[in-house]
Ligand SMILES: NC(=O)c1ccc[n+]([C@@H]2O[C@H](COP(=O)([O-])OP(=O)(O)OC[C@H]3O[C@@H](n4cnc5c(N)ncnc54)[C@H](O)[C@@H]3O)[C@@H](O)[C@H]2O)c1
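Numbering (my numbering), first residue to last: 56 to 462.
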């Protein structure tokens, strides 16, 4: 076996995602990952994060960037662009959490997503995407898009099936849902970029966009891209008629909590993606591929790898069962290794093979860009009652100065 290369890593953010990024980095085996330090706006949180892991707590982003080869962007979406661009300008690699970027309001104190002009939202989000792609083209670094669904083992198995059978995907449908995020920021579109359509919908959507790329690449040497999207969004928990039984989060300010996107690809085939915050029974993350030669159901979470029956809630008080489950009593799809099924360690292994050894990434900036473009085109469609909107796609990797093109 060739000698392992060492990569110096910095983490930006010290909250939820910074925690699972660090845990996944500890499992990378083909590369020596040396986590040098962390920088986060919440200085107390950063100090505690650094101390717990024996790493340095940096006082500013620039100092962290100077000390590392790659930076993990684990901060709220509105800060992804400035941090990614600053890192790429210094020729650093960037591992960027989802969504790549977005539209975060007009700056006015009374900004409300229900009243926002979704054409402006789309144009602003695409301009942000272009700035990130331009920074990447000029950089020796690359942006790796931390869309864990791409690296979830069930999605990667479907990649193998598509590549080896040359199958044509006719319809993909999928969903990410649960009973509501705990994040305070998530209640405000100006901080999260919209609502559940972007926050959760980006996961199954990006997996669907990825698999159609894989299919096209494998069979015809050309990725299949999104062409149009039609969407509906709703704010079910903000309805005056919503009857709160105490199980579903309901204090959102202006976000959508239900969405449906229907994507038509450039070969005429389709994907239908649901995302919501109104589903009880734990997280519901799945993707089904209906192809001309096979059918696959990817149960990302829950799945039946393990099932437990617990006659009394208190027996399992110290046991993590599965994400967002409301009760631990009775039968449960207990996950023996949720991170593994979700793709967190696999994405880090893959990213560090790109950073250290130049392996082509599966989840790159162009996939992230198409995802943002589809999402904000979907918001525009929803504001027009679901009329189909053309999706602008992005082409050209780093080093190729290819401008964005409209299909
Ligand atoms: N892939 C997944 O499954 C998954 C899950 C949760 C969150 N996320 C993504 O991770 C990102 C962060 O979410 P989170 O849940 O970790 O949030 P969080 O609130 O738990 O943590 C955010 C951290 O960012 C820091 N921060 C905020 N603004 C900053 C800035 N300008 N510069 C430096 N630090 C800053 C805060 O101090 C905090 O430490 C989001 O993009 C979110 O969509 C992804």
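Where is the CB? At the ideal position from N, CA and C, for every residue including glycine.
Distance CB(residue i)-CB(residue j) smaller than 8 Å
i, j, result
"residue 315", "residue 284", "no"
"residue 478", "residue 229", "Outside the displayed span of the chain (56 to 462) sits residue 478, for which this structure offers no information."
"residue 231", "residue 208", "no"
"residue 294", "residue 434", "no"
"residue 265", "residue 422", "yes"
"residue 448", "residue 280", "yes"
"residue 263", "residue 201", "no"
"residue 376", "residue 387", "yes"
"residue 191", "residue 420", "yes"
"residue 147", "residue 123", "yes"
"residue 235", "residue 332", "yes"
Residue i in three-state terms, based on DSSP
i, result
"residue 350", "strand"
"residue 225", "strand"
"residue 429", "helix"
"residue 334", "coil"
"residue 136", "helix"
"residue 69", "coil"
"residue 314", "strand"
"residue 377", "coil"
"residue 285", "strand"
"residue 456", "With a pLDDT of 37 at residue 456, under the threshold of 50, the modelled position of this residue cannot be trusted; read the value that follows with caution. Coil, per DSSP."
"residue 129", "coil"
"residue 371", "helix"
"residue 451", "coil"
"residue 304", "coil"
"residue 247", "helix"
"residue 406", "helix"
"residue 434", "helix"
"residue 253", "helix"
"residue 446", "coil"
Buried/exposed call for residue i, threshold 16 Cβ in 10 Å
i, result
"residue 425", "buried"
"residue 195", "exposed"
"residue 330", "buried"
"residue 205", "buried"
"residue 94", "buried"
"residue 127", "buried"
"residue 473", "Here the chain has residues from 56 to 462 only, and residue 473 is not among them."
"residue 23", "As displayed, the chain neither begins before 56 nor continues past 462, which places residue 23 out of reach and without an answer."
"residue 221", "exposed"
"residue 167", "exposed"
"residue 454", "Annotation note: pLDDT 39 at residue 454 (below 50); position unreliable, coordinate value reported separately. It is exposed - the Cβ of residue 454 has fewer than 16 other Cβ atoms within 10 Å."
Are three or more beta carbon pairs between the stretch 187-197 and the stretch 135-155 nearer than 8 Å?
yes
May I ask you to verify whether the stretch 258-272 touches the stretch 327-342, counting CB pairs closer than 8 Å and requiring at least 3?
yes
Does the pairing of the stretch 62-81 with the stretch 114-130 give three or more beta-carbon distances under 8 Å?
With a cut-off of 8 Å, the stretch 114-130 and the stretch 62-81 count as touching, because enough Cβ pairs lie within range.
Cβ contact (3+ pairs, closer than 8 Å) linking the stretch 345-359 and the stretch 295-309
Look at the beta carbons and you see the stretch 345-359 not touching the stretch 295-309: under three pairs across the two are nearer than 8 Å.
Would you call the stretch 95-113 in contact with the stretch 155-165, where contact means no fewer than 3 C-beta pairs closer than 8 Å?
Contact between the stretch 95-113 and the stretch 155-165 is absent: fewer than three C-beta pairs spanning the two stretches fall below 8 Å.
Going residue by residue through the stretch 175-240, where are the continuous alpha helix (DSSP H) segments of at least 4 residues, counting only ones entirely within it?
Fully enclosed alpha helix (DSSP H) runs of 4 or longer: 203-206 and 208-220.
Cβ contact (3+ pairs, closer than 8 Å) linking the stretch 163-182 and the stretch 400-408:
In this structure the stretch 163-182 does not lie against the stretch 400-408, because fewer than three pairs of beta carbons, one per stretch, are closer than 8 Å.
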